[in-house]
Amino acid sequence: MKFRALMQDPLYMKEFQAIVATLTKLAKDCVMILGSRQMHFIVNEDQSSSASPLVWAGIAAKEYFPEYRMESAHPDQEYIVLDMSSANLGRALSVLRGGGVNSCKLKLQRIQFPCISVIASVLTSSSTEAREVVHDVPVTIIPGSDWSAYVLPSVPNSQLALGLPSLRLLKSLIDKLKNISPSLEFQANLDGELNVIATSEMSTVTSRFQKLLIRTVAGYEREASCSVDSRKASAFFGALQLPHEELTIGIDREHSIHLQIDVRQDVVLHSVLPAVCI
Numbered sequence: 124m125k126f127r128a129l130m131q132d133p134l135y136m137k138e139f140q141a142i143v144a145t146l147t148k149l150a151k152d153c154v155m156i157l158g159s160r161q162m163h164f165i166v167n168e169d170q171s172s173s174a175s176p177l178v179w180a181g182i183a184a185k186e187y188f189p190e191y192r193m194e195s196a197h198p199d200q201e202y203i204v205l206d207m208s209s210a211n212l213g214r215a216l217s218v219l220r221g222g223g224v225n226s227c228k229l230k231l232q233r234i235q236f237p238c239i240s241v242i243a244s245v246l247t248s249s250s251t252e253a254r255e256v257v258h259d260v261p262v263t264i265i266p267g268s269d270w271s272a273y274v275l276p277s278v279p280n281s282q283l284a285l286g287l288p289s290l291r292l293l294k295s296l297i298d299k300l301k302n303i304s305p306s307l308e309f310q311a312n313l314d315g316e317l318n319v320i321a322t323s324e325m326s327t328v329t330s331r332f333q334k335l336l337i338r339t340v341a342g343y344e345r346e347a348s349c350s351v352d353s354r355k356a357s358a359f360f361g362a363l364q365l366p367h368e369e370l371t372i373g374i375d376r377e378h379s380i381h382l383q384i385d386v387r388q389d390v391v392l393h394s395v396l397p398a399v400c401i
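Count along the sequence shown from 1, then add 123; that gives the number in the numbering used here.
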């Protein structure tokens, strides 16, 4: 079983760190699934007891890593599956936020314990030679017999999906609406309108976004709506550390809302907010 990956582009390293930092704010643990061409992170897969939403990130190796090598324990296995503390991984990668980082290697090792070693080559103002900053993040290697509990989530089949050019306003709005109502209703239509509705015993507050880009239409649907837990919606938007503005909201009527941020063409952050009864 082997895994090694190298990052060298400063922008890509900062994006990778921001993705992990987002996951760190949502859950204390995360699952890392390493494939031959893609890497995934998953948090809050068990929604039965979680106050935060299900979130996962898919990262194509070619986007961030000029060098990427994964060898599973057995030839018939397609992945390496690891469970780890998201906070520990986030702290190890925090060195990538600053300047002067030439490269960063991720390596699966067994020292006294299995770990993902984060090895950053950093230039300092006091020296012309780079120094290595190493953090060993303990991991649990999940055997193939237990992989059924760590299945990659599926993207819901949305009846309507709209693109928001900026998520700043929506982020601020949801943070305020969660104090009005325990649930938020999202309504979308083919006119490119998105309504976010919070209802309490005293009032109903409706916020409307217009002239949005229509990304998905299923069948002859003209509109779709779904109500979700306002705390989970607020948790997702509050955790975001990515600078990217554009967000796609897909509505699977009465089942879920799918939130998607395309960091790059093959680097995508997903969240699914399940429907609630109101």
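By construction, the Cβ of each residue, glycine as well, lies at the ideal position given by its N, Cα and C atoms. Here the structure is a predicted model, which means the values were calculated and not measured.
Per DSSP, cross-strand counterpart(s) of residue i
| i | result |
| --- | --- |
| L246 | None, per the DSSP bridge assignment. |
| G286 | L336, T371 |
| S379 | D375, P397 |
| G267 | Paired residues: none, contrary to the question. |
| P261 | C238 |
| A128 | Y191, L229 |
| A183 | Q161 |
| M136 | BP columns for M136 are empty, so no partner. |
Closest Cα partner of residue i within the set the options
| i | options | result |
| --- | --- | --- |
| L149 | F360, P288, F309, R291 | F360 |
| A184 | M193, P176, L177 | M193 |
| N302 | I374, L290, A356 | A356 |
| K137 | F236, I239, A243 | A243 |
| I372 | F236, I384, Q364 | I384 |
| I374 | A362, V319, V224 | V319 |
| W270 | N312, S304, M155, R387 | M155 |
| R214 | A272, V274, T145, M162 | T145 |
| R291 | T329, H367, V241 | H367 |
| S208 | C238, V218, P189, S195 | C238 |
| E308 | A398, S240, D132 | A398 |
| A358 | L313, L317, R376, K299 | K299 |
| S326 | L313, S304, R338, L335 | S304 |
| G223 | S330, S195, A253, S240 | A253 |
| A341 | R354, N312, H258, R331 | N312 |
| S348 | S159, A362, H381 | H381 |
| P276 | K228, L396, L219 | L396 |
| L365 | L392, I165, C400 | L392 |
| C227 | M130, C400, A362 | M130 |
Alpha carbon of residue i to alpha carbon of residue j, nearest angstrom
| i | j | result |
| --- | --- | --- |
| V390 | E324 | 42 Å |
| D352 | L370 | 19 Å |
| L216 | E346 | 42 Å |
| L283 | H378 | 13 Å |
| K125 | E201 | 12 Å |
| D206 | D199 | 21 Å |
| Q333 | F188 | 39 Å |
| Q388 | G181 | 11 Å |
| P261 | K230 | 12 Å |
| R338 | L317 | 13 Å |
| S330 | Y135 | 35 Å |
| A161 | V257 | Note on identity: in this sequence residue 161 is Gln, with Ala being the wrong assignment. Cα to Cα, the separation comes out at about 24 Å. |
| L285 | Q232 | 43 Å |
| R354 | I297 | 9 Å |
| G158 | S289 | 32 Å |
| Q310 | E344 | 12 Å |
| N225 | A128 | 14 Å |
| S394 | S249 | 43 Å |
Counted within 10 angstroms of its Cβ, other Cβ atoms place residue i as buried (16 or more) or exposed
| i | result |
| --- | --- |
| I264 | exposed |
| H197 | exposed |
| I234 | exposed |
| T247 | exposed |
| N280 | exposed |
| N480 | In the structure displayed, the chain extends from 124 to 401; residue 480 sits before or after that span and is not available. |
| A141 | buried |
| T251 | exposed |
| V278 | exposed |
| S350 | buried |
| S175 | buried |
| A272 | exposed |
| N211 | buried |
| L336 | exposed |
| V386 | buried |
| V274 | exposed |
| C153 | buried |
Task: Contiguous alpha helix (DSSP H) assignments of at least 4 residues, all confined to the stretch 188-254 - done: 209-216
Open item on the list: As an exercise, report each continuous beta strand (DSSP E) stretch of at least 3 residues that is fully enclosed by the stretch 288-350, in chain order.
Closed with: 306-312, 317-322, 327-332, 336-340
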